[in-house]
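Just below is one structure, and these are the notes that go with it.
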Amino acid sequence: LLASLAPGGVLLYETFAQGNETVGKPSRPDFLLRPGELLELCRGLRVVAYEDGFEEEPARFTQRITAVREPSPAEAVPQYWLARRTE
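Anchor point for the sequence shown: position 63 equals 281 in our numbering, and the numbering is continuous, going up by one each time.
Okay, here's the thing in structure tokens:
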């Protein structure tokens with residue numbers, strides 16, 4: 219998923235976290251993120267927002283993130299020549 223994020227692209231992601239097995243499904247450990255796991259996976263992106271905690275309605279433990287893949291300096295500012303270049 220992260221490899222397909224284009225320069226300047228935004229990732230919005232929310233999933234279940236450890237602790238959710240105490241309030242419902244999913245409850246399999248393979249499907250629940252460890253504390254901070256989503257931050258680790260997004261290393262290299264600029265994190266704009268991150269939450270890791272419990273929500274009451276409906277009861278669930280979640281992690282969510284908003285992150286941006288920063289464009290490289292060459293990609294950040296397009297260059298359009300205003301006059302013909304002569305060498």
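Beta carbons: idealized from backbone N, C-alpha and C, even for Gly.
- Distance check between residue 279 and each of 266, 232, 224 places 232 closest, using alpha-carbon atoms only.
- Under the Cβ criterion (8 angstroms, minimum of three pairs), the region 282 to 292 does not count as touching the region 238 to 255.
- Counting along the chain, residue 223 sits inside no alpha helix (DSSP H), nor does DSSP assign it H or E at all.
- For the region 254 to 293, the continuous beta strand (DSSP E) assignments of 3+ residues that do not extend past its boundaries occur at 264 to 273, 278 to 286, in sequence order.
- Within the same chain, 281, 283 come within 6 angstroms of residue 256 by CB-CB distance, once the 5 residues on both sides are set aside.
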